[in-house]
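*Asks:* Under the numbering used here, the first residue of the sequence shown carries the number 111, and numbering increases by one thereafter. We put the CB at the ideal spot given by N, CA and C, even for glycine.
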Amino acid sequence: MEGQQPLIELKDIYKIYRMGAEEVHANDGITLTICRGEFVAIVGKSGSGKSTLMNIIGALDVPTSGTYLLGGEDVGHMSDNQLAEIRNKMIGFIFQQYNLLPRDNLLENVELPLLYAGVGKNERRERAMKALEKVGLAEKWASKPKQLSGGQQQRASIARALAGDPSLILADEPTGALDSRTSREVLDFMKELHREGNTIVMITHDSSIALEAERVVRIHDGKINFDGDVKEYASIL
Ligand SMILES: Nc1ncnc2c1ncn2[C@@H]1O[C@H](COP(=O)(O)OP(=O)(O)OP(=O)(O)O)[C@@H](O)[C@H]1O
Ligand SMILES: [Mg+2]
Numbered sequence: 111m112e113g114q115q116p117l118i119e120l121k122d123i124y125k126i127y128r129m130g131a132e133e134v135h136a137n138d139g140i141t142l143t144i145c146r147g148e149f150v151a152i153v154g155k156s157g158s159g160k161s162t163l164m165n166i167i168g169a170l171d172v173p174t175s176g177t178y179l180l181g182g183e184d185v186g187h188m189s190d191n192q193l194a195e196i197r198n199k200m201i202g203f204i205f206q207q208y209n210l211l212p213r214d215n216l217l218e219n220v221e222l223p224l225l226y227a228g229v230g231k232n233e234r235r236e237r238a239m240k241a242l243e244k245v246g247l248a249e250k251w252a253s254k255p256k257q258l259s260g261g262q263q264q265r266a267s268i269a270r271a272l273a274g275d276p277s278l279i280l281a282d283e284p285t286g287a288l289d290s291r292t293s294r295e296v297l298d299f300m301k302e303l304h305r306e307g308n309t310i311v312m313i314t315h316d317s318s319i320a321l322e323a324e325r326v327v328r329i330h331d332g333k334i335n336f337d338g339d340v341k342e343y344a345s346i347l
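1. With distance defined between alpha-carbon atoms, name the residue in 330, 317, 333 nearest to residue 343.
2. Starting from the Cα of residue 299, find the closest Cα among 282, 261, 286, 347 and give me that residue.
3. Determine which residues share a DSSP beta bridge with residue 281 and list them.
4. Classify residue 129: buried if its beta carbon has 16 or more other beta carbons within 10 angstroms, exposed otherwise.
5. Out of curiosity, what's the CA-to-CA distance linking residue 137 and residue 258?
6. Going by the CB atoms, is the gap between residue 200 and residue 55 shorter than 8 Å?
7. Whole angstroms is fine: what's the gap from residue 112's alpha carbon to residue 283's?
8. Measuring alpha carbon to alpha carbon, tell me which residue in 150, 209, 230, 174 is nearest residue 421.
9. May I ask you to report which of helix, strand or coil DSSP gives residue 112?
10. Count the other CB atoms, across all protein chains shown, that sit within 10 Å of the CB of residue 131; report buried if there are 16 or more and exposed otherwise.
11. My understanding is that residue 406 touches residue 270, with C-beta atoms under 8 Å, so please give their C-beta distance in whole angstroms.
12. Tell me which residues share the same chain as residue 354 and place their Cβ nearer than 7 Å to its Cβ, disregarding the 5 neighbours each side in the sequence.
13. Is it the case that the CB of residue 330 approaches a heavy atom of ligand 1 more closely than 7 Å?
14. Could you pull the start and end residues of the alpha helix (DSSP H) that residue 232 belongs to?
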C-alpha cells in the first residue's frame, strides 16, 4: 500500500443502535484505509456488521461517531442531499438482487445514474451503450431485465455501476443470487475491472468468495479481527 493514494479512510467508526435500554454496537471502532486500485473483500458472519459498514462506506448512512474520508472529503457529517451527491459522483453500486427497474429496458436502466448526475441525453445514451458493450450486452440494450438470465441481469447492473465512471465500485454479495457457474463469470469480470485499475470493495459472508479479492478484511462483532493479503487469509482458513 506504500506510496498509494488512500480512497477510503475510516477512523474509529462506531454505529450504535439504541433499542430501549439496550445498545447494539453494529460497528464497534473500525479503523480501515483502502487505497485507489485495491480489490478488498469485507467478510464476516451474519450479524457481524457488514451491511452497517457498507452503508457507511457507500455514503448511505453516517456513523454515530468517528471520521470517514472518501477521496479526502469528510463524509461522516454530511446532510442527506450532500450524501446523495457524493454517491452519484463517486460510487457504483452492485447489489445481490440487481435492483434493475423492471419496466425499463437495459439501456434506460444503465442510464439512470447518469440521469441523476445531470448528464445530458446524448452523452447519457453514449456512455450507457459503452458500459453495456463492456459487459457484453450491447445487443440486448432494448431487452427488459425479466428477459435476461440472472448472470446477464447482474452484468447489466455492473454496467449501471460503471456508467458513471465511479471512483469506487461497492458490491454487496454480488453473487448471492447466482449459481456457481454464473458466479464464476461475475467474479472473473470483477477481477478484470480490478486489473483495469478500478477500486473494488466487495461484501460477502462467504470466505471462498472473499478469496477472489487481493486483500481481505474480516469483521466479527463489529470489529476488524483480520486484515491482510488474500494468501495470508487463505492460510488461516
Ligand atoms: N436499524 C437497526 N436497528 C437496530 N439494530 C440493527 C439495525 N441494523 C443492524 N442492527 C444490528 O447490528 C448488527 C449488525 O448488523 P448488520 O446488518 O450490519 O450485519 P451483517 O453482517 O450485514 O449481517 P448479514 O450477513 O446477516 O446481512 C446486528 O446485530 C443487527 O441486529
Ligand atoms: Mg448484511
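*Replies:* Inspection of the coordinates gives the following:
1. When 330, 317, 333 are compared, the shortest CA-CA separation from residue 343 is found for 317.
2. For residue 299, the nearest C-alpha among the options comes from 261.
3. Under DSSP, residue 281 shares a beta bridge with 204, 312.
4. So residue 129 ends up on the exposed side.
5. Cα to Cα, the separation comes out at about 37 Å.
6. Here the chain covers residues 111 to 347 and nothing more, so residue 55 does not appear.
7. Its pLDDT being 48, under 50, residue 112 is placed unreliably by the model, and the measurement read from it follows with that caveat. Roughly 29 Å separates the two Cα atoms.
8. As shown, the chain starts at 111 and ends at 347. That puts residue 421 outside it, with no answer to give.
9. Note that residue 112 scores 48 on pLDDT, short of 50, meaning its location in the model is unreliable; the coordinates nonetheless yield the value given after this. If DSSP states are grouped into helix, strand and coil, residue 112 belongs with coil.
10. Result: exposed.
11. Nothing can be reported for residue 406: it is not among the residues displayed for the chain, which extend from 111 to 347.
12. No answer is possible for residue 354: it lies beyond the span of the chain, which begins at 111 and ends at 347.
13. For ligand 1, not one heavy atom lies less than 7 Å from the Cβ of residue 330.
14. Its alpha helix (DSSP H) spans residues 231-244.
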